[in-house]
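Peer 1:
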Amino acid sequence: MRKRVLAALVATVPIALLTIASAQVGTRPFIQVEPERAVLGVSAEETAARQARLHEWLTSEQPRGTLDARLTVEVTRQELEDLARPAPRGSGPAPQKIGLVKAVSPTFVVDGLAPGRFGGRVSGGVFQRTADGGFVWSMTVASPGARAIRVGLNRFSIPDDADLYVYTTGGDVRGPYQRRGPEGNGAFWTNSVPSDTAIIALRHFGPYRDEDLRRVSIAITAVGHIARPFPSPAPQGHNWSHDQCGNASCVVDAKCGGLGPAAAAADAVAKMEWIQGAWIYTCTGGLIADTDTSTQRNLFLTANHCLSKSRSNLETFFNYTTSSCNGNCPGSPAPNTTGATVLATGRKGDFTLMELSQNPPSGAAFLGWTNAPIAFSGGADLYRVSHPNYGPQVFSHHRVDASTGTCTGWPRGERIYSTDIEGATDGGSSGSPVVNSGGLIVGQLSGCCGFNCGDVCDSGANSTVDGALAFYYDSVAPFLDPSGGGCTTNAQCDDGLFCNGAETCVGGSCQPGVNPCPGQGCDEANDVCTSCFPKGATCSSDGECCSNKCKGPAGGQTCR
1 MRKRVLAALV
11 ATVPIALLTI
21 ASAQVGTRPF
31 IQVEPERAVL
41 GVSAEETAAR
51 QARLHEWLTS
61 EQPRGTLDAR
71 LTVEVTRQEL
81 EDLARPAPRG
91 SGPAPQKIGL
101 VKAVSPTFVV
111 DGLAPGRFGG
121 RVSGGVFQRT
131 ADGGFVWSMT
141 VASPGARAIR
151 VGLNRFSIPD
161 DADLYVYTTG
171 GDVRGPYQRR
181 GPEGNGAFWT
191 NSVPSDTAII
201 ALRHFGPYRD
211 EDLRRVSIAI
221 TAVGHIARPF
231 PSPAPQGHNW
241 SHDQCGNASC
251 VVDAKCGGLG
261 PAAAAADAVA
271 KMEWIQGAWI
281 YTCTGGLIAD
291 TDTSTQRNLF
301 LTANHCLSKS
311 RSNLETFFNY
321 TTSSCNGNCP
331 GSPAPNTTGA
341 TVLATGRKGD
351 FTLMELSQNP
361 PSGAAFLGWT
371 NAPIAFSGGA
381 DLYRVSHPNY
391 GPQVFSHHRV
401 DASTGTCTGW
411 PRGERIYSTD
421 IEGATDGGSS
431 GSPVVNSGGL
441 IVGQLSGCCG
451 FNCGDVCDSG
461 ANSTVDGALA
471 FYYDSVAPFL
481 DPSGGGCTTN
491 AQCDDGLFCN
501 GAETCVGGSC
511 QPGVNPCPGQ
521 GCDEANDVCT
531 SCFPKGATCS
541 SDGECCSNKC
551 KGPAGGQTCR
């Protein structure tokens, strides 16, 4: 018999109700948690409107000559060939590579802006005054041929009354980035923009002082070049009009409907993109609910072979679909969230549970789940929405196969083996949650096990393999069922934050705190209530801010 080989696929729901089933394995109850809706994020419509306003304002203030003040970073043909080269056989599961990191040599450095040099080239960019007594400094960064780019910054430090934006001529805006950057250490990657050219604009809200000019420090150390990840022609006979998405003929566009139990997954699943070392990678992941329906915690499930460490540069793209059934492959919209912290991860079961650093869009779904085992339930139906080839959502329907051969290191029970019934997964689908006939997560995608994993449409030779939630449940239970283990002291419930109140342990269950500053502002950095808003808070007038400085574009002002 030929050896079966494994390969990673580098490839409207009600508000939640919690139910606990009576069936047990030993003394552990099976828990069943229903999906719930996200309520804290910003809608896609609001995001688009904000971008439009910002872009209009930025372009109206763009200094003449900005597009000529250009830093160009080119990738070589050999680098692109290295990017497209598949991982060596036997190297184990790995996420799909979609781009590369190109160092800027020599590093582009802005070490202060010279007073009195308005109206011309300064420090590689174009420098001019603004009507409010501030200034704008701008330049262009390009990586020819890129599908999207990110800019790696170091030694970043700008005045409190200044913002840095990254935008394109096509209307996309990322930022603002302020002070010492998102992590406060002066080093970060900007969000991706869907173009091979990005305009960087530093806007100071006046009046400026010479000291503000001297304080500007920016070093561009690298550019992330996201290449078109679809170098191969579409398979012969593929009748989709979006073949440029790189999908095989058996792959089903999720926009065509018929998702059945996976309908909620379309609002929960996100395309992932992050930078790690010399490469840029993609996978799929999805929001997952916990048993505490009184709060929203941004829990996100994916595969261990995708991400096993926290990533501040992780971007997620929710509701990324074609515009219509079998429509064109869309460009990348603005990311919905940036950054995530790993809470639990493991190679056995191939799982990673993260907490997103920002709220997903309002209306997104947190999928329900069950820890009841399904790996040995032959014939059970499974469903999924995923993002192969860094593209839009696709749908697949699978059926548990409890008798097929397994791959070494992926034992049944730890993994769920299934046969594709409709659709398929492909590179970039890894980590996508798989749901049962009730729409509840039972695992997440590891990859393919079979004789012909190079052909995702060959369901006769290949099995689709998921890590089983029932297997690794004990590792994620403290987060998915925070009260299940029972608390005994208030300290066990403390989340370390002041402004959301002191959490308490009541009857073995952690209870959320009460706002310690009703009717007032709250300063998380100093753990105090304030009669004014601290730095970074949204404001509409100077008097609302402790600094008496409310600065920024209309509709986007913050305390400085």
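9 is the number that this note's numbering gives to position 9 of the sequence shown; each next residue is one higher, with no gaps. Glycine included, every Cβ here is placed at the ideal spot set by N, Cα and C.
(1) Compute the distance between the beta-carbons of P388 and V269, then report whether it is under 9 Å.
(2) Need the endpoints of the beta strand (DSSP E) that L100 sits in, please.
(3) How would you write the range of the beta strand (DSSP E) that F127 sits in, first residue to last?
(4) For S429 and G405, I'd like the C-alpha separation in whole angstroms.
(5) Under the three-state reduction of DSSP, which class applies to C245: helix, strand or coil?
(6) With DSSP as the reference, label L259 as helix, strand or coil.
(7) Distance check for P518 and V173, CA to CA, integer angstroms please.
(8) Residues in its own chain within less than 6 Å of S310 by CB, not counting five upstream and five downstream?
(9) Run the CB neighbour count on S143, radius 10 Å, all protein chains shown included, and call it buried at 16 or more, exposed below.
(10) Quick check on A84: does DSSP put it in helix, strand or coil?
(11) Rounded to a whole number of angstroms, what is the C-alpha to C-alpha distance between G423 and L213?
(12) Pick helix, strand or coil for Y208, following the three-state DSSP scheme.
(13) Tell me which residues share the same chain as D527 and place their Cβ nearer than 8 Å to its Cβ, disregarding the 5 neighbours each side in the sequence.
(14) Tell me which residues share the same chain as R28 and place their Cβ nearer than 7 Å to its Cβ, disregarding the 5 neighbours each side in the sequence.
(15) Could you give the DSSP three-state label for V251: helix, strand or coil?
(16) Measure the alpha-carbon distance for R611 versus R399 and round it to whole angstroms.
(17) Does the structure place the stretch 191 to 203 close enough to the stretch 149 to 169 that three or more beta carbon pairs sit under 8 Å?
(18) Rounded to a whole number of angstroms, what is the C-alpha to C-alpha distance between Y165 and G555?
(19) Check each candidate in D161, P330, G258 and T302 and name the one with the smallest Cα separation from V216.
(20) If V435 and P261 are in contact, beta carbons under 8 Å, what's the gap, nearest whole angstrom?
(21) Determine the DSSP secondary structure at P60, reduced to helix, strand or coil.
(22) Tell me which same chain residues have a C-beta within less than 7 Å of the C-beta of T130, skipping the five on either side of it?
(23) Short of 7 Å in beta carbon distance, which residues of its chain neighbour C532, apart from the five on each side in sequence? Order them along the chain.
(24) Determine whether the beta carbon atoms of T291 and D474 lie at a separation below 9 Å.
(25) I need the straight-line Cα distance from A344 to T352, nearest angstrom please.
(26) Taking the C-alpha atoms as reference points, what is the distance between T572 and Y177?
(27) In chain order, what residues of the same chain lie with their CB nearer than 8 Å to the CB of Q557, ignoring the 5 residues before and after it?
(28) Between which two residues does the beta strand (DSSP E) holding F479 run?
(29) Would you call Q296 buried or exposed, if buried means 16 or more other Cβ atoms sit within 10 Å of its Cβ?
(30) Using beta carbons (cut-off 9 Å, strictly below), is P361 in contact with chain B?
(31) If you measure between the beta carbons of K97 and E79, is that distance less than 9 Å?
(32) Start and end of the beta strand (DSSP E) containing S312?
(33) Near D466, which residues of its chain fall below 7 Å by C-beta distance, leaving aside the five closest residues on each side in sequence?
(34) Around the Cβ of G450, are there at least 16 other Cβ atoms within 10 angstroms (buried) or fewer (exposed)?
(35) In three-state DSSP terms, what is E543?
Peer 2: With the given structure in hand:
(1) Contact: no.
(2) Start and end: Q96 to D111.
(3) It spans G125 to R129 - the beta strand (DSSP E) in which F127 sits, taken as one unbroken run.
(4) Roughly 22 Å separates the two Cα atoms.
(5) In the three-state DSSP reduction, C245 falls in the helix class (H, G or I).
(6) L259 falls in the coil class under three-state DSSP.
(7) Looking at the two C-alpha atoms, the distance is approximately 35 Å.
(8) Same-chain partners within the cutoff: T341 and V342.
(9) With 16 or more Cβ atoms within 10 Å of its Cβ, S143 is classed as buried.
(10) Here A84 sits in helix by DSSP.
(11) Approximately 57 Å, taken between the alpha carbons.
(12) Y208 sits in coil when the DSSP states are folded into three classes, being neither helix nor strand.
(13) For D527, where only same-chain residues beyond five positions count, the Cβ hits under 8 Å are F498.
(14) Caution is warranted here: a pLDDT of 48 is assigned to R28, below 50, making its placement in the model unreliable, and no coordinate value can be reported.
(15) Three-state result, V251: coil.
(16) Because the chain here runs from 1 to 560, residue 611 falls outside it and cannot be looked at.
(17) Cβ pair count under 8 Å is three or more, so yes.
(18) Going by the C-alpha atoms only, they are around 16 Å apart.
(19) Nearest C-alpha to V216: D161.
(20) With a contact defined as Cβ atoms closer than 8 Å, V435 and P261 qualify at about 6 Å.
(21) Note that residue 60 corresponds to Ser in the displayed sequence, not to Pro. Helix at S60.
(22) In its chain, beyond the 5 residues on either side, E61, V136 and G206 have a beta carbon closer than 7 Å to the beta carbon of T130.
(23) Answer for C532: G521, E544, C545 and C546, listed in chain order.
(24) No, the pair does not count as a contact, with Cβ atoms beyond the cut-off.
(25) In a straight line, the C-alpha of A344 is about 6 Å away from that of T352.
(26) Outside the displayed span of the chain (1 to 560) sits residue 572, for which this structure offers no information.
(27) Hits under 8 Å: T538, C539, S540, C550 and K551.
(28) Element bounds for F479: not the beta strand (DSSP E) but the alpha helix (DSSP H), L469 to L480.
(29) Classification of Q296: buried, given that the 10 Å Cβ count is 16 or more.
(30) No chain B appears in the structure shown, which is made up of a single protein chain.
(31) Against a cut-off of 9 Å, the Cβ pair of E79 and K97 comes out as no contact.
(32) Where S312 is concerned, the enclosing beta strand (DSSP E) stretches over R311 to F318.
(33) Closer than 7 Å at the Cβ level, and outside the excluded window around D466, lie R415, I416, V434, G443, Q444, L445 and S446.
(34) In this structure G450 is buried. Its beta-carbon is surrounded by 16 or more other beta-carbon atoms within 10 angstroms.
(35) Rather than Glu, the amino acid found at residue 543 in this sequence is Gly. Residue state, collapsed to three classes: helix.
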